[in-house]
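Asks: The structure that follows is given in the form of structure tokens.
In UniProt numbering, the protein residues as written are 1 to 205.
Here it is, written out as structure tokens:
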């Protein structure tokens, strides 16, 4: 018999993020955790690839929060969308979001979701870039505009919330980690946590 209960391994788990979506995803693992918001510059560096940007920012977020929580396991994550090797960030406004969707319609967009687990017990880090290929539907401007006014995904890279109504403007999602597109790849994360000695299940006699 397997009993699913919060582990008691004496290690504090901290999510370095302001994202409600990442918080909800981490909650699925039924592990006790706290949240601390990192304060870093998320601008890409000149000549930096999308994957490198995402990996660097995930690590920097985790490291910034780890400095405030000595000995903790800190989870950092960042996502960068790319089309034709051009980074697509958070639109921030309706006009910018509409321009993004117009550019991406009928096209394949690669989302790089980088994950970092910082182990404050020895100041080591596990990092991974999980890629998701998303095909956007070829929709007219009026539908794209209507979608944006309903959901207002202006804080989302790529201007679409796949966990919400945004799924209706997507045609296909290809990934090895189904929660990566939402912002926190749980398959990769559980592997990292296991490597760090975090138990998920306690067998009972």
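Here a beta-carbon is modelled for each residue, glycine too, at the ideal position from N, C-alpha and C.
Am I right that residue 15 and residue 75 are in contact with their C-beta atoms under 8 Å? What's the rounded C-beta distance?
Replies: The beta-carbon separation of residue 15 and residue 75, rounded to 5 Å, stays under the 8 Å limit for a contact.
Asks: Pull up the distance between the alpha-carbon of residue 210 and that of residue 64, whole angstroms please.
Replies: In this structure the chain extends from 1 to 205, so residue 210 is not present and cannot be described.
Asks: Nearest-angstrom Cα distance between residue 12 and residue 26?
Replies: 14 Å
Asks: Taking only three categories from DSSP, how would you classify residue 165?
Replies: helix
Asks: On the three-state DSSP scale, how would you describe residue 150?
Replies: The answer is helix: DSSP assigns residue 150 an H, G or I state.
Asks: Could you compute how far the alpha carbon of residue 7 sits from the alpha carbon of residue 201?
Replies: Low confidence applies here, because residue 7 scores a pLDDT of 45, under 50, leaving its location unreliable and the question unanswered by this model.
Asks: Would you report the Cα separation of residue 133 and residue 62, rounded to the nearest angstrom?
Replies: 25 Å
Asks: Whole angstroms is fine: what's the gap from residue 17's alpha carbon to residue 185's?
Replies: 14 Å
Asks: Give a yes or no on contact between the region 38-46 and the region 91-98, applying the rule of three or more CB pairs nearer than 8 Å.
Replies: no
Asks: Going by alpha carbons, who is nearest to residue 125 out of 193, 33 and 50?
Replies: 193
Asks: Check whether the Cβ atoms of residue 57 and residue 119 sit closer than 8 Å, and answer yes or no.
Replies: no
Asks: Using the Cβ count rule (16 or more neighbours within 10 Å means buried), how would you classify residue 4?
Replies: Low per-residue confidence applies at residue 4: pLDDT is 37, beneath 50, and the placement is therefore not dependable, though the value from the model is reported in the following sentence. Its Cβ having fewer than 16 others within 10 Å, residue 4 is exposed.
Asks: Hey, how far is the Cα of residue 189 from the Cα of residue 117?
Replies: When rounded, the distance between both Cα atoms is 8 Å.
Asks: What three-state label does DSSP hand residue 50 in the structure shown?
Replies: helix
Asks: Measuring straight from C-alpha to C-alpha, what distance separates residue 150 and residue 107?
Replies: 23 Å
Asks: With H, G and I counted as helix, E and B as strand and the rest as coil, what does DSSP make of residue 1?
Replies: Bear in mind that a pLDDT of 30 at residue 1, under 50, signals an unreliable position, so the model cannot answer this.
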